[in-house]
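Comments concern the structure below.
Listed below in structure tokens is the structure:
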């Protein structure tokens with residue numbers, strides 16, 4: 577609801593507390609800052625703001641990885657890459673098929 581408030585300039589949603597309004601204001605400055613040094617300085621403020629205000633807390637660990645191992649599945653990459661950006665790697669599951 578805070579994002580809706582921010583995007584609609586207060587017309588809809590729920591007004592956030594002052595700390596979040598400060599974070600949103602810094603974000604707004606970052607996205608329009610033409611000077612790279614100013615943008616970098618503003619960006620460095622965000623971790624401090626977030627550390628001072630614990631807005632989001634995880635309630636569970638990351639889910640495990642699901643793998644299908646079957647000699648009849650075709651068009652599967654020999655190796656898949658895993659990383660913080662995702663697990664799928666170069667695979668494209670919608671292109672896999674079963675050899676019958």
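In my numbering, the protein residues as written are 577 to 676. We put the beta carbon where it would ideally sit given N, CA and C, even for glycine. All values reported here derive from a predicted model rather than from experimental measurement.
Counting only the Cα atoms, residue 604 lies some 15 Å from residue 612. Contact check for residue 674 and residue 649: beta-carbon distance about 6 Å, within the 8 Å limit, so the pair qualifies. Residue 631: not part of any alpha helix (DSSP H); DSSP gives it neither H nor E.
Between residue 581 and residue 591, the C-beta spacing is below 7 Å. Among the bridge pairs identified by DSSP, residue 650 is matched with 673.
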